[in-house]
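Protein chains in written order, with our numbering: chain A, 38 to 399; chain B, 328 to 476; chain C, 11 to 274.
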């Protein structure tokens with residue numbers, strides 16, 4: 038009798054917990070502009086790590102968004118955007134996006150075709166890259182609202198003009214006389230911040246790992262690692278700078294918010310070699326502050342947002358947003374760079390030969 | 328990071344004339360589009376390294392001496408993700424290479440094409456250098472790269 | 011990378027999170043949620059192996075101009091059961107040649123990736139990131155890093171500096187099998203080396219909450235007559251706010267590597 042009574046109570050309590058649990062799971066979030074048209078299914082619950090933090094872990098190769106121009110309506114986007122462009126249009130229509138997807142799927146997989154035709158050697162020489170599917174957003178930048186990079190300050194422009202790089206702007210003929218005529222990417226030092234977190238032409242792998250009290254981001258490009266203490270109030274040492282700065286994280290609900298300062302100046306702020314990027318070199322200053330937000334919206338996708346403020350260099354902040362897709366089959370491979378970097382020596386020798394030849398002609 | 332736009336080389340005219348939407352690693356900084364080379368030789372070794380892989384080819388000169396050329400390829404990481412293994416070009420494979428020579432006259436070249444003698448096509452990958460069925464020339468200058476500027 | 015399942019157990023209270031991580035079980039070592047030893051933390055060796063894996067006297071370093079800062083202290087080797095590496099005769103000659111040229115040829119001098127096991131006994135700390143799936147070892151020196159595949163093993167697709175690491179548990183011991191080396195890293199500053207046939211099996215076991223016993227067996231039929239083993243403790247960094255800082259050193263070697271090319 039007693040046992041049955043206890044069992045009944047137990048069953049009622051469990052039923053109670055069960056209903057509390059289901060009240061915690063959500064109704065579906067439909068696809069829309071706020072979630073890049075990627076919905077959250079009904080009943081989806083944010084996974085947690087064993088120690089109770091929202092679980093953001095996964096492998097998020099950024100070639101997923103590599104086809105998206107950084108700025109809206111600048112030059113021609115991949116897949117050939119029309120010359121007339123609406124700077125207020127942040128997303129393609131459903132029809133336009135479907136058409137872009139169809140074009141992408143129908144486009145010859147050059148590498149596969151090359152293999153089948155026995156021409157893989159050609160593709161090997163050209164440099165195969167990871168696939169970049171079309172996305173519905175028209176730019177990575179969402180703020181300023183016209184999707185354009187903010188104007189630089191006079192100081193920013195001055196510093197930018199002094200920056201050297203092996204990546205030539207339109208019409209530039211570059212001369213190399215020293216390793217300092219190359220940028221930090223060319224020299225295999227770093228892509229810096231925020232550029233390391235933005236898509237590049239290749240080797241875009243990003244892996245998020247979590248341990249109690251920290252989030253760790255492993256970046257395939259030149260094997261960079263960001264260690265982000267979470268809820269750590271230890272002051273960041275004012276005098277110490279690192280290429281990727283010092284980061285501090287905290288949770289806002291299920292969103293990880295990361296603030297980064299103390300980035301050592303020297304790297305380009307953005308990857309100038311990517312489509313839709315400003316055609317000027319952009320420096321960073323000691324006053325730069327970067328704020329990132331990572332939010333998982335279902336088992337496969339994260340929304341990633343990165344805001345950069347640098348009052349010395351920029352007249353306004355800029356914010357990029359994009360979906361990241363977890364690809365557990367993407368292999369992050371060692372990207373040893375400096376060890377076999379021939380560029381500095383070879384390009385200086387060639388430049389020298391060119392300069393000598395030019396002298397001879399005079 | 329250190330990628331020069333090799334795809335600017337092939338079908339060069341087309342791409343350079345396009346709107347410059349991004350900075351480019353200046354192919355022209357290192358290689359001379361006025362110095363095309365066609366080399367026939369044997370593979371001495373393949374270095375599957377970053378930022379660029381390199382194929383070393385021993386080329387017999389008309390005077391009987393041998394020169395070793397190095398031909399630049401892309402980063403091996405994406406190749407591996409597409410299914411390549413490290414046994415790409417076995418040592419001793421006879422190849423014909425077409426490309427452009429470095430401006431300083433070094434035996435270094437940026438590649439357009441690499442094939443086997445006799446018009447056979449080269450297949451790189453774990454299946455080794457077995458030739459694919461011969462086919463009509465599809466036009467080596469065809470530049471159908473729709474993904475890159 | 012497998013997404014972990016939703017936690018079955020109630021999460022620890024937030025302030026206790028850090029404490030839970032360091033909670034010492036009855037066996038005296040911290041354990042992760044899955045019951046495995048918890049290697050999370052910042053670790054460093056305390057020996058002279060990076061100078062020379064074998065027994066060595068104090069001597070001038072490769073750069074005499076660096077004075078005592080660049081000189082080599084005496085040290086006992088870390089090789090189990092022997093004071094020397096069992097080189098094949100040709101390999102021994104190569105080692106001695108390496109030693110002669112070490113000022114220029116030591117990959118550490120050029121800020122090249124250190125390889126395994128050298129990364130673990132460089133005079134700089136490293137952090138073991140032990141999460142719910144794969145592990146990551148992130149080293150201060152040159153920002154070297156290696157993913158240790160715990161859930162989905164794979165063979166090395168390419169030869170690399172740090173190799174490809176496949177890890178598994180053997181009771182409370184973490185066993186990491188490393189293959190796919192490019193044969194270009196050195197084992198120390200004395201020119202000791204291996205070929206691209208190197209195969210390393212590492213074993214990590216906690217002696218106590220703050221000490222790991224590290225062992226590595228090296229086999230390489232091109233360089234050595236037989237497999238040989240090194241072992242030493244790894245010590246936990248216990249400073250109050252210990253954190254791993256990056257020692258990216260490429261920019262500090264450029265003048266030496268490229269300075270000859272510079273023209274005003």
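C-beta atoms are modelled at their ideal positions from N, C-alpha and C, and glycine is treated no differently.
This one's a predicted model, so the numbers in the text were calculated from it and none came from an experiment.
Could you tell me the distance, in whole angstroms, from the CA atom of residue 167 (chain A) to the CA atom of residue 146 (chain A)? A direct Cα-Cα distance of roughly 11 Å separates residue 167 (chain A) from residue 146 (chain A).
Separation of residue 122 (chain C) from residue 336 (chain A), as counted between CA atoms: Approximately 38 Å, taken between the alpha carbons.
Output yes if chain A places a C-beta closer than 7 Å to the C-beta of residue 361 (chain B); else output no. Under the Cβ distance rule, residue 361 (chain B) does not count among the residues neighbouring chain A, no pair being separated by less than 7 Å.
Give the residues from the segment 375-406 of chain B that approach chain C closer than 7 Å (Cβ to any Cβ), ordered along the chain. Result list: 375, 403.
Measuring straight from C-alpha to C-alpha, what distance separates residue 240 (chain A) and residue 229 (chain A)? Using only the alpha carbons, I get a separation of about 15 Å.
Supposed close pair residue 286 (chain A), residue 294 (chain A) - CB separation, criterion 8 Å: Rounded to the nearest angstrom, the Cβ distance from residue 286 (chain A) to residue 294 (chain A) is 7 Å, consistent with a contact under 8 Å.
Quick one: does residue 421 (chain B) have its CB under 7 Å from some CB of chain A? For residue 421 (chain B), no Cβ of chain A is located within less than 7 Å of the residue's own Cβ.
Indicate whether at least one CB of chain A lies closer than 7 Å to the CB of residue 429 (chain B). Closer than 7 Å: yes.
Let's see if you can read the secondary structure: which residues bound the beta strand (DSSP E) around residue 139 (chain A)? Counting along the chain, residue 139 (chain A) falls outside any beta strand (DSSP E), though it belongs to the alpha helix (DSSP H) covering 131-143.
For residue 233 (chain C), name the three-state secondary structure that DSSP assigns. Coil, per DSSP.
Among A:209, A:238, A:158, A:171, nearest to residue 131 (chain A) - alpha-carbon criterion: The shortest C-alpha separation from residue 131 (chain A) is found at A:171.
Within chain A, the residues that residue 432 (chain B) reaches when beta carbons sit closer than 8 Å: Per Cβ cutoff of 8 Å: 390.
For residue 442 (chain B), go through chain A and note every residue whose CB falls closer than 7 Å to its CB, in chain order. The CB of residue 442 (chain B) comes closer than 7 Å to the CB of 158 in chain A, given here in chain order.
What number of angstroms, rounded off, separates the C-alpha of residue 124 (chain A) from the C-alpha of residue 110 (chain A)? A direct Cα-to-Cα measurement between residue 124 (chain A) and residue 110 (chain A) gives close to 6 Å.
Quick one, which residues of the segment 154-170 of chain C are near chain B if we go by CB-CB under 7 Å, in chain order? Within the segment 154-170 of chain C, the residues whose Cβ lies closer than 7 Å to some Cβ of chain B are 167, 168, 169, listed in chain order.
DSSP three-state call for residue 238 (chain C): helix, strand or coil? Strand at residue 238 (chain C).
State the Cα-Cα distance for the pair residue 263 (chain C) and residue 134 (chain A), rounded to the nearest angstrom. Residue 263 (chain C) and residue 134 (chain A): Cα-Cα distance of roughly 48 Å.
May I ask you to list, following chain order, the residues of the segment 249-265 of chain A that have a beta carbon less than 7 Å from some beta carbon of chain C? Under the 7 Å Cβ criterion, the segment 249-265 of chain A contributes 249, 250, 253, 255, 260, 261, 262, 264.
Output, in sequence order along the chain, the residues in the segment 129-141 of chain C whose CB is closer than 8 Å to any CB in chain A. Under the 8 Å Cβ criterion, the segment 129-141 of chain C contributes 137, 139, 140, 141.
With residue 187 (chain C) as the anchor, note down where its beta strand (DSSP E) starts and where it stops. Looking at the DSSP string, the run of the beta strand (DSSP E) that includes residue 187 (chain C) is 183-189.
Between the CA atoms of residue 244 (chain C) and residue 41 (chain C) - distance to the nearest angstrom: Roughly 18 Å between the two C-alpha positions.
Comparing alpha-carbon positions, which option in B:365, B:358, B:377, B:357 lies nearest residue 372 (chain A)? Closest by alpha carbon: B:377.
Flag residue 195 (chain C) as yes if its beta-carbon sits less than 7 Å from any beta-carbon of chain A, otherwise no. Closer than 7 Å to the CB of residue 195 (chain C) there is not a single CB belonging to chain A.
Quick check on the DSSP output: what are the complete beta strand (DSSP E) runs of length 3 or more inside the segment 360-397 of chain A, in order along the chain? Under the rule that a run must span 3 or more residues, no beta strand (DSSP E) segment is found entirely inside the segment 360-397 of chain A.
Kindly provide the ranges of any alpha helix (DSSP H) runs that are 4 or more residues long and lie completely inside the segment 171-212 of chain A, ordered along the chain. Unbroken alpha helix (DSSP H) runs of no fewer than 4 residues, entirely contained in the segment 171-212 of chain A, are found at 191-198, following chain order.
Applying the 10 Å Cβ sphere with the 16-neighbour rule, what's the burial state of residue 430 (chain B)? Buried is the call here.
Run down chain B in chain order and give the residues with a C-beta less than 9 Å from the C-beta of residue 173 (chain A). Near residue 173 (chain A) there are no residues of chain B at all, since even the closest Cβ is about 18 Å away, more than 9 Å.
Residue 266 (chain C) - containing alpha helix (DSSP H), residue span: Here the alpha helix (DSSP H) through residue 266 (chain C) covers 260-268.
Give, in chain order, every residue of the segment 324-351 of chain A whose Cβ lies closer than 7 Å to some Cβ of chain C. Legend: CB atoms of the segment 324-351 of chain A lying less than 7 Å from CB atoms of chain C belong to residues 336.
For residue 280 (chain A) and residue 50 (chain C), the rounded distance between their alpha carbons: Residue 50 (chain C) and residue 280 (chain A): Cα-Cα distance of roughly 24 Å.
Which class does residue 349 (chain B) belong to by DSSP, given the choice of helix, strand or coil? Annotation note: pLDDT 45 at residue 349 (chain B) (below 50); position unreliable, coordinate value reported separately. In this structure, residue 349 (chain B) counts as coil in the three-state DSSP scheme.
CA-CA distance, residue 349 (chain B) and residue 187 (chain C)? Its pLDDT being 45, under 50, residue 349 (chain B) is placed unreliably in this model, and the coordinates cannot settle the point.
Taking only beta-carbon positions, decide if residue 214 (chain A) is within less than 7 Å of chain C. Yes, residue 214 (chain A) lies at the interface with chain C (some Cβ there is under 7 Å from its Cβ).
Regarding residue 218 (chain A) and the ligand NAP, is the C-beta to nearest heavy atom distance less than 6 Å? Here there are no bound small molecules, and the ligand NAP is not part of this structure.
For residue 375 (chain A), is the classification buried or exposed, using 16 other Cβ atoms within 10 angstroms of its Cβ as the cut-off for buried? With 16 or more other Cβ atoms within 10 Å, it is buried.
Against chain B, does residue 165 (chain A) count as a neighbour if the rule is that its beta carbon must be under 7 Å from one of theirs? Using a Cβ-Cβ cut-off of 7 Å, residue 165 (chain A) counts as an interface residue toward chain B, since at least one Cβ of chain B sits closer than that to its own.
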